[in-house]
Amino acid sequence: KEKKKKEKKKKEKKKKEKKKKEKKKKEKKKKEKKKKEKKKKEKKKKEKKKKEKKKKKEKKKKEKKEKEKEKKEKEKEKKKKKKKKKKKKKKKEKKKKEKKKKEKKKKEKKKKEKKKKEKKKKEKKKKKKKKEKKKKEKKKEKKKKEKKKKKEKK
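Counting from 1, position 40 in the sequence shown corresponds to residue 40 in the UniProt record's numbering; the numbering is continuous, with no gaps.
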């Protein structure tokens, strides 16, 4: 009987031990699982952060590129406008010069015409004078002749 009791106790103890061990094992497993989960979460977090960073960087890069493009476009536009302005100015200058030239020509023509007219006028005057002179001469001659004739008669 005593022996049996002892045996039972021993068995009980063993059982308890086993249970304890099982519990410990389970606890360990649980802890491990938790640890693993934590690690996984951390990894995920890190990955997310990394991705975000990359995204941000890409965005920045893109924005920079866009800005550069815009700047270039603006520069191009500016140059184009400048060129256009220059061309316009040149055209205007040319027109002005042409006008001046035409005016000069016109003036010259007028001057020439005036000179011509003056010359003609002078010529006319001269001719008239000559005619007058001739007339006078003739008259004189006639008178002279008349006188002579009268004398002859006497």
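Quick reminder that beta carbons are idealized off the backbone N, C-alpha and C, glycines included. As the structure is a prediction and not an experimental result, all values here were calculated from the model.
DSSP, read as helix, strand or coil, puts K143 in helix. The alpha-carbon of E123 is positioned some 37 Å away from that of E98.
Assignment of K87 by DSSP, reduced to helix, strand and coil, places it in the helix class.
In the three-state reduction of the DSSP assignment, K59 falls in the helix class. Secondary structure of K67 (DSSP, three-state): helix.
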